[in-house]
Amino acid sequence: MRAAVLHEIGQEKLEVLDDVEAVGFGPGKVKLRIRATGLCHSDVSAMSGVLPQPAPFIPGHEGAGEVVDVGDGVTGLSAGDRVLVCWLPACGDCPSCKRGQTHLCLAGFMNAGTPNFKRPGGDVFGFAGTGTFTEEVVVGAGCAVPIPDDVPFEIAALIGCGVTTGLGAAINTAQVEAGSSVAVIGCGGVGISTIQGARVQGAAQIVAVDPVASRREAALRFGATEAVDPGELADAKQRITGGEGFDYVFEVVGKSATARTAYENTRRGGTLCVVGAGAMDDTFQVNMFELFFDEKRILPSMYGGGDVLRSYERAIALWRAGRIDLESMITHRVRLDGINDALDQMRTGEALRTCIEL
Ligand SMILES: [Zn+2]
Ligand SMILES: [Zn+2]
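Set out below in structure tokens:
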């Protein structure tokens, strides 16, 4: 079958091959036929080595499709079911799951070290134990979450990562208050979802911050009240907050430099919410005086920071009610052959989300 493979970490292009096989099917597993998958910035970060991932590997973790086959012991799923791919499945049994923080469950990461593809040349890993830039994939049953019939695959795919991450940061983690001031640094798919989450929560001002003009324009369509280049943020802070700083600043880039900018633009007693996925050798620094004296709350938010299945349901409910716009987030569509063009658009910041149809 066809799949897009990265041979070595650090390579910029994927090779679309037709000699890949999905392996590992058995008890507790399901085989999926992927129908749509989004290109998330974490795919690019794993390719470049910012996020840890063994190679060769098949990127993609934001997907949706149909169940082809169900292994022994799997309940609640059968062939033909429409599902989205959850890259962080909850085991239901560990201390994090029992606390309701299923987004912190590490059980699913156990799968990430086991290759779930192979080629004549040898084993191939799937990104984070999934790998959706492919026609078929074998995943743990917890990675396949049924979706209602009215949710198209391309919308379900977005909910599988970017939308859940961004909405959840605003709703679950930061719990943005009605009437508050918000700045969102980094306005790709996750940043746009954060903006939509802040709007749903009733923020009065939402400032989108991004160096790319097309993203700033997009942010305004999704609910930002203004959009500025990073160089204009200090002015916006002065104008909107009287220089005090924003009630909430979301860092959706994953770099210490932008996290520091976010920290400095958060008001005393306000909230810095870190949503971007960064590198292990990139250190964020705060001095002990400011940490104590300014009482800014630093809240990291991984995968929406709450019960993952509940977050999916909420995203679907908000989308159905027309309170969030997911269709317009898909700015590009390609077939698998166009994956390298899509990667380039992601790197230049041109695309909010590219949907790859399989
Ligand atoms: Zn668990
Ligand atoms: Zn992602």
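Heads up: the sequence shown is residues 855 to 1212, going by the numbering used here. Here a beta-carbon is modelled for each residue, glycine too, at the ideal position from N, C-alpha and C. Since we're looking at a predicted model, the values are computed, not measured.
Is residue i near ligand 1, going by C-beta to nearest heavy atom under 7 Å?
i	result
S1035	no
C951	yes
D1161	no
A982	no
G946	yes
A966	no
C940	no
C1127	no
C959	yes
Determine the contact status of residue i and residue j, defining contact as a CB-CB distance below 8 Å.
i	j	result
A966	A982	yes
R887	G914	no
G878	N970	yes
L1190	F987	yes
A1052	G1159	no
Q1050	I1178	yes
T1018	Y1157	yes
R973	V874	yes
A876	L931	no
Y1102	A1169	no
A1072	L1206	yes
L1012	L1180	yes
F1138	N1119	no
A1058	S1035	yes
T1112	G1040	yes
I1210	V1188	yes
K883	V1005	no
G927	P881	yes
V978	P1084	no
A996	A944	The sequence shown places Gly at residue 996, not Ala. Closer than 8 Å, so yes.
Locate the alpha helix (DSSP H) running through residue i, then write down its first and last residues.
i	result
R1168	V1162 to R1174
P1154	No alpha helix (DSSP H) contains P1154, which is instead part of the beta strand (DSSP E) from R1151 to P1154.
I1193	I1193 to T1202
L1190	No alpha helix (DSSP H) holds L1190; DSSP gives it neither H nor E.
L1145	M1142 to F1147
K952	P949 to K952
M964	F963 to A966
With a threshold of 7 Å, establish whether the CB of residue i neighbours any heavy atom of ligand 2.
i	result
G1016	yes
S896	yes
E916	yes
Can you give me the start and stop residues for the beta strand (DSSP E) that residue i sits inside?
i	result
S1035	S1035 to I1039
E1211	R1207 to E1211
L860	No beta strand (DSSP E) holds L860; DSSP gives it neither H nor E.
R936	R936 to V939
Within 8 Å of any Cβ in chain C, is that where the Cβ of residue i sits?
i	result
G1203	The structure shown has no chain C; it contains just one protein chain.
Taking only runs of the alpha helix (DSSP H) that begin and end inside the stretch 1051-1139, which ones reach a length of at least 4 residues, in chain order? With a minimum length of 4 residues, the continuous alpha helix (DSSP H) runs that stay inside the stretch 1051-1139 are 1067-1075, 1087-1095 and 1110-1118.
If we require 4 or more residues per run, which alpha helix (DSSP H) segments fall completely within the stretch 871-933? Runs of the alpha helix (DSSP H) lying entirely within the stretch 871-933 and spanning at least 4 residues, in chain order: 895-902.
Please specify which runs of the alpha helix (DSSP H), each continuous and at least 4 residues long, are wholly inside the stretch 968-1039, giving them in chain order. 1007-1013 and 1016-1022
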